[in-house]
Amino acid sequence: MSESFVVKPFCSPAQGVAQVPGSKSITNRALILAALADGETLLRGALFSRDTEILITSLRELGFSVEANKILHTIKVVGLGGKIPAKEAKLHVGNAGTAARFLTAFLTLSENGKYFLDGDAAMRQRPMAGLINALRSSDNFAYDNHGKETLSFPFTLITSGYLKNCEVDASASSQLLSALLMILPLSSGAKVLMSSSTVSEPFVQMTEKMCAQFGRPITQVNPGEWRCENPGSFVSPGIYDIEPDATAASYFIALPALSGKNSCVRVSGYNPKGLQGDTAFAGVAQTCGAVLNNEGNALVINHWPEIKGGTFDFNNFSDTFLTLATLATLANQPTTIKNIGHTRKQETDRVLAMATELERLGIKTQPTAKELRADDSLSSLTIFPDREALKVASAQKPVSIHTYEDHRMAMSFGILGSFDLWGDGRPWIEILDPKCTSKTFPLFFSALESLRTQFVSVAVDGGAACGKSSTSRTLSEKLGFLHIDTGAHYRSLTQVLLQSFVNPEDTQAVNNSLSKIKLSTIISGNSAFLALNNKVLSEAELRSAVVNASVSQFAAIPEVRTFILAYQRNQVLVAQQNGFAGLIMEGRDIGSVVLPHATVRIYLEADASARNQRRKDEGIVDSIVQRDKIDSSRTAAPLICAPGAIRIDNTHLSLSEVVDKIEKLILEAGRIS
Ligand code: CDP
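Quick note: the sequence shown uses the numbering used here, first residue 37, plus one each step.
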């Protein structure tokens, strides 16, 4: 994947099983607990991402045997009951908060150890003080490169090998507390006191439950005071199954809100009553209009009829607030997300990042990005939905969304970009640095792509009598696609304008006549016909000599083209809603203007003499050379071979040869099997 990713909107319903990876929080806790257990543990359904790889690498650096199988999603860890083989090591924790905090506490179990720990620039800014301070009381000290005690990365940690009673300020991150709780059972008689309130109860509960799953329950004997009644090294459960990541699942709970009717997405292994606090997002989504079903071991999400705004407290499952924040731009009323101040110190200042990028899309927020920049105590965000603003912002080209090395920014805006804002499949969001999803979900964009039902659009352009209609009609019958002849659109309008005696040079008269026309579609067999004021003109009317003689003049009028363009683009939706697997649209400007993002774009051509002969054989009076001249030289959407379109010269090819050729190209595009 390159430096940016242009998100392709879903023009057809999202359907299928979302490939959601294992939870990062559970994988990294399980790695630590398995390493602290006696004997071997096989972790199944593990996540392989930058953060978990960092912890795996670190454990290996420290002398542990860790065997990872990325294909099977398993990790085999040989635990040493609280012993750490290496007394010295250099560890790099990247920007992985869990690895940073968990390892720092874990290392203090090593007597007389000396470990150098560093992280990415962003990690150096992230809170460690609460944990380092708590460990000091057990004679573990962190020194900077000048030998002075420090409370942040990078540092050299001199360790004592034990944990006595300690007091931790976990107000900046619950991981500071979780890190201590996971070594508590190995520290006989010690207690952990929390001097603050914690920002995220559910993560602390996850740690408690997992310690119990590994045989050493820890209990909160008094509010904010933890002990392990039955201390000792952890007990391997043998096999440990990791739940799919509930935060990652939030993107797929959201997707059917904006991927159209008949969307149906499934997340296997999702347990709303499992270890992860972020499953609470499913409840919020339901309040916002999501249609959810728990089917045994899977969550099934159907199309949301409406996205409802409202006020929500995300304190306990704040990783998912970005998912709702992006959806909120399309809601029926403003959405307020409260109590997310602590996310301002995560991968990036998430509240500020979200407000900044929403503003880039033309969306108003309260507080504004400027206000957030000026006051870092602000802890909620209101988003004012505005589809028109989204269109204004993306009218010229897709809006480039900055992701600030934050995987959740990339994924939540990736979902928003899946919405077909323009109704014609035109992309409107580009994600910068999409690879940042590797932190927790390296294959996020592939997982999203695999839910796309495979609607195919084919654009066929070419000059008069080059065989577009017969080719397109045959192909659509063969493939079950909807055929749309845009030449007939211009012919219909020409016929009506001629009947009203409108002079093509009189723009006002043209506009006046057009304003009285109502457009609709009648589908018969595999073809869509344009009806003007509910009437479809006959083939004889459309192909009369007088229409042949004037159609190119009327088709060259910019007002006429603008008048019909939105209708033409909307045929994609018409085809989908009527259950066609694809659409073939033929004309002069389909690949260049009407459907520039079509799956396959073809430019048909043939010798002038062959084309003249074809018309003669049909017994039609038509000056095709004259029409081609006007069509190619006009300024508005001229007849061209669009850049990237495939040229096929059919002078010496039979109809079935051309059809086979295009069918092969469609198959090669990998869209249908
Ligand atoms: O059947 P033939 O190829 O001769 O013509 P058509 O497809 O029925 O189109 C009739 C005329 O409509 C063309 O000569 C163009 O002037 C106009 N047209 C256009 O401008 N843009 C299109 N996408 C399709 C047709």
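Note that the Cβ used here is the ideal one computed from N, Cα and C, for glycine as well.
- Excluding five sequence positions before and after Ile676, the CB atoms of its chain that fall closer than 7 Å to its own CB belong to Ser628, given in chain order.
- For Thr510, the closest C-alpha among the options Leu691, Lys119 and Leu216 is that of Leu691.
- Uninterrupted alpha helix (DSSP H) stretches at least 4 residues long and entirely within the segment 624-688 occur at 644-654 and 660-669, given in chain order.
- The Cβ atoms of Val43 and Gly453 lie closer than 7 Å to each other.
- At a cut-off of 6 Å, the beta-carbon of Thr522 counts as near the ligand CDP: some heavy atom of the ligand is closer than that.
- Membership of Glu124 in the beta strand (DSSP E) is indicated by the continuous run Glu124 to His128.
- Rounded to whole angstroms, the gap between the alpha carbons of Leu397 and Phe46 is 19 Å.
- Note that the C-beta distance between Tyr276 and Leu79 is below 7 Å.
- Setting aside the 5 residues that flank it on each side, Ile558 is surrounded in the same chain by Phe565, Ala567 and Val572, each with a C-beta closer than 7 Å to its C-beta; the list follows chain order.
- In the DSSP assignment, Met246 forms no beta bridge with any residue.
- Ranked by Cα distance from Arg663, the options Lys697, Ala500, Glu577 and Ser505 are led by Ala500.
- Note on Gln369: under 16 other CB atoms within 10 angstroms of its CB, so exposed under the neighbour-count rule.
- Look at Ile553 here: in three-state DSSP terms it is coil, with no helix or strand label.
- Remark: the shortest separation between the CB of Val538 and any heavy atom of the ligand CDP does not fall under 6 Å.
- Judged by the Cβ position, Arg663 qualifies as a neighbour of the ligand CDP at the 6 Å threshold, a heavy atom of the ligand being closer than this.
- A straight-line Cα-Cα distance of about 10 Å links Glu39 and Cys472.
- If you compare the alpha carbons of Leu414, Asn570, Met621 and Leu601 with that of Ser512, the shortest gap goes to Met621.
- Distance from the CA of Leu515 to the CA of Ser286, rounded to the nearest whole angstrom, comes to 36 Å.
- Of the heavy atoms belonging to the ligand CDP, at least one sits nearer than 6 Å to the Cβ of Val587.
- In this structure, Tyr287 has its beta carbon at no less than 6 Å from each heavy atom of the ligand CDP.
- In this chain, Gln535 is not harboured by any beta strand (DSSP E); it is covered by the alpha helix (DSSP H) spanning Thr522 to Gln535.
- Of the residues Ser304, Lys297 and Phe480, the one whose Cα lies closest to the Cα of Val610 is Lys297.
- With a beta-carbon spacing of about 42 Å, Leu216 and Ala50 fall beyond the 8 Å limit used to define contacts.
- For Phe191, the enclosing beta strand (DSSP E) stretches over residues Phe191 to Ile194.
- Under the three-state reduction of DSSP output, Ala141 falls in the helix class.
- The beta carbons of Ala293 and Leu363 sit closer together than 7 Å.
- Secondary structure of Tyr603 (DSSP, three-state): helix.
- With a cutoff of 7 Å on beta-carbon distance, Ile219 and Ala141 are scored as near each other.
- Per DSSP, reduced to three states, the secondary structure at Met621 is strand.
- When rounded, the separation of the alpha-carbon atoms in Leu193 and Asn169 is 12 Å.
- Annotation for Tyr603 indicates a beta carbon at 6 Å or more from all heavy atoms of the ligand CDP.
- Distance check between Phe350 and each of Ile465, Leu533, Ala318 and Gly197 places Ala318 closest, using alpha-carbon atoms only.
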